[in-house]
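Enquirer: Residue numbers (this note's numbering): -4 to 60. Don't be surprised by glycine CBs; every beta carbon is placed ideally from N, CA and C. This structure is a prediction, so every number in the text was calculated from the model and none was measured. Let me begin by handing over the structure; questions about it come next.
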Amino acid sequence: MTSGDFDGDGRGDVGVLYDNGQASDGASRTALWTLTSSGAGFGAPVRKWDSASFGSWNWGRSELT
-4 MTSGDFDGDG RGDVGVLYDN GQASDGASRT ALWTLTSSGA GFGAPVRKWD
46 SASFGSWNWG RSELT
């Protein structure tokens, strides 16, 4: 989980990388979900990115900062 202004409105949003497990082809699937702030709360999660578009995601080689 991380924070940032993912929609450019100047408010702090939340981003979550989620391990979707292994696909039938053996590739690990990961998705980035964002929860944008209205200033009074957060909206429903929206999937903004999915590793299926390029192959696989290796959690063991990842260092989130």
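Measuring only the C-alpha atoms, how far is Gly38 from Ser32?
Expert: Whole-angstrom Cα-Cα distance: 6 Å.
Enquirer: Indicate whether Asp0 and Arg24 have their beta-carbon atoms separated by less than 8 Å.
Expert: Cβ atoms of Asp0 and Arg24: not closer than 8 Å.
Enquirer: Would you call the CB atoms of Thr29 and Asp8 closer than 8 Å?
Expert: Contact: yes.
Enquirer: With the cut-off set at 8 Å, would you say Ser51 and Ala22 are in Cβ contact?
Expert: In this structure, Ala22 lies closer than 8 Å to Ser51 by Cβ.
Enquirer: State the start and end residues of the unbroken beta strand (DSSP E) segment that holds Asn53.
Expert: Looking at the DSSP string, Asn53 is not in any beta strand (DSSP E), and its letter there is neither H nor E.
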